[in-house]
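Trainee: Just so you know, we're using the UniProt record's numbering here: the sequence shown kicks off at 1 and counts up by one. Glycine included, every Cβ here is placed at the ideal spot set by N, Cα and C. Sharing a structure, written as structure tokens. Questions coming.
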Amino acid sequence: MKKRRRIKKNEEFQKVFRKGKSFANRQFVIYCLPKEGQEEFRIGLSINKKIGKAVTRNQIKRYIRQSFFELQDDLKNDVDYVIIARHPAATLDFHETKKSLQHVLKIAKILKRSSRE
Numbered sequence: 001m002k003k004r005r006r007i008k009k010n011e012e013f014q015k016v017f018r019k020g021k022s023f024a025n026r027q028f029v030i031y032c033l034p035k036e037g038q039e040e041f042r043i044g045l046s047i048n049k050k051i052g053k054a055v056t057r058n059q060i061k062r063y064i065r066q067s068f069f070e071l072q073d074d075l076k077n078d079v080d081y082v083i084i085a086r087h088p089a090a091t092l093d094f095h096e097t098k099k100s101l102q103h104v105l106k107i108a109k110i111l112k113r114s115s116r117e
């Protein structure tokens, strides 16, 4: 995942939280904020320290980034996404993480077309 596709600044996170819509399942909460004229989607990740130690949190982040990389053709490009991992996300492997994210994105009606599995 390219660095320009990441949300890093607190002001950008807060803007997505305030103005975006949220969708959730047991493992993840996704906030989505459409941005006119944006060529690529951007993602911001929030993993609480209560979920686990640094190794666990970084693994969850890698799984989320890779899932979004694989789903990028099915996602809308003019949207900022902020993903918050909940405690059960720590027990998921990569395929379960991807499936859970697809589930939330389908609830949000974000996917352009049904994704290939």
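Excluding five sequence neighbours on each side, which residues of the same chain lie with their C-beta closer than 8 Å to the C-beta of K8?
Mentor: Excluding sequence neighbours, K8 sits near G44.
Trainee: If I'm right that I51 touches T97 with Cβ under 8 Å, what's the distance once you round it to whole angstroms?
Mentor: About 13 Å separates the two Cβ atoms, so there is no contact after all.
Trainee: For V16, count neighbouring C-beta atoms within 10 Å of its own C-beta (all shown protein chains included) and say buried if the count is 16 or more, exposed if not.
Mentor: Buried, because 16 or more other Cβ atoms sit within 10 Å of the Cβ of V16.
Trainee: Starting from K19, trace the alpha helix (DSSP H) in both directions and tell me its first and last residue.
Mentor: N10 to K19 is the extent of the alpha helix (DSSP H) around K19.
Trainee: Just to confirm, is the Cβ distance from F28 to I83 under 8 Å?
Mentor: Yes, they are a contact pair.
Trainee: Along the chain, where does the alpha helix (DSSP H) containing R57 start, and where does it finish?
Mentor: Per DSSP, R57 belongs to the alpha helix (DSSP H) from A54 to L71.
Trainee: What residues are listed by DSSP as bridge partners for G44?
Mentor: For G44, which the question treats as bridged, DSSP gives the partners V82.
Trainee: Looking at the unbroken alpha helix (DSSP H) that takes in L101, where does it start and where does it end?
Mentor: Start and end: F94 to I107.
Trainee: With distances taken from CA atoms, which of F41, K19, H87 and G37 is nearest D73?
Mentor: The shortest Cα separation from D73 among F41, K19, H87 and G37 belongs to F41.
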